[in-house]
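Quick note: to get my numbering, add 3 to the position in the sequence shown (first position is 1).
Positions of the beta carbon are idealized from the N, C-alpha and C atoms, including for glycine.
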Amino acid sequence: MSSVERVGDMEGNRLIIWRQEDGDIVVIVNDIKRETYASVEFCTSPQGGGKSPYTFNALLKVIEAMEKENTMDEEMKRKRGKN
Numbered sequence: 004m005s006s007v008e009r010v011g012d013m014e015g016n017r018l019i020i021w022r023q024e025d026g027d028i029v030v031i032v033n034d035i036k037r038e039t040y041a042s043v044e045f046c047t048s049p050q051g052g053g054k055s056p057y058t059f060n061a062l063l064k065v066i067e068a069m070e071k072e073n074t075m076d077e078e079m080k081r082k083r084g085k086n
């Protein structure tokens, strides 16, 4: 299983997305202060029980965007550390 997470722009919440070994995607919203979680799972295909192919494909793009932004954040931190 792989995962990516990103803290929201407003305080206190984090978005976590898991990509399970079977390809399904689990979206989790974590309220950091209250230590609570809510989640929803989207399956890969109609054969796997998937009913939301457009949503599933959009989530793949969200995963990619979050990974890019996390990489950019790390690069910014490294640059700041070198100054």
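Open item on the list: Quick check on this structure: which residue in GLY15, THR47 and ARG22 has the alpha carbon closest to the alpha carbon of GLU38?
Closed with: In the sequence shown, counting from the first residue as 1, residue 38 sits at position 35. Considering only alpha carbons, the answer is GLY15.
Task: Which of helix, strand or coil DSSP assigns to GLU8 - done: For this step, residue 8 is matched to residue 5 along the sequence shown. Of the three classes helix, strand and coil, the one that applies to GLU8 here is strand, per DSSP.
Open item on the list: According to DSSP, VAL65 sits in a beta bridge with which residue or residues?
Closed with: Stepping through the sequence shown from its first residue, residue 65 is reached at position 62. For VAL65, no pairing in a beta bridge is given by DSSP.
Task: Check whether GLU77 and VAL7 have beta carbons under 8 Å apart - done: Taking the first residue of the sequence shown as position 1, residue 77 is located at position 74. Taking the first residue of the sequence shown as position 1, residue 7 is located at position 4. Not closer than 8 Å, so no.
- [ ] Could you check if ILE28 is buried or exposed, using at least 16 other CB atoms within 10 Å of its CB as the buried criterion?
- [x] In the sequence shown, residue 28 corresponds to position 25, counting from 1. By the 10 Å Cβ count, ILE28 comes out buried.
Open item on the list: Measuring only the C-alpha atoms, how far is ARG17 from THR47?
Closed with: By 1-based counting over the sequence shown, the position of residue 17 is 14. By 1-based counting over the sequence shown, the position of residue 47 is 44. Spanning the two alpha carbons is a distance of roughly 24 Å.
Task: Selected residue, minimal CA-CA separation from GLN23, among ASN33, ASP34, ILE66 and TYR57 - done: For the purposes of this step, residue 23 is identified with residue 20 of the sequence shown, where counting begins at 1. Comparing Cα-Cα distances from GLN23 to each of ASN33, ASP34, ILE66 and TYR57, the minimum goes to ILE66.
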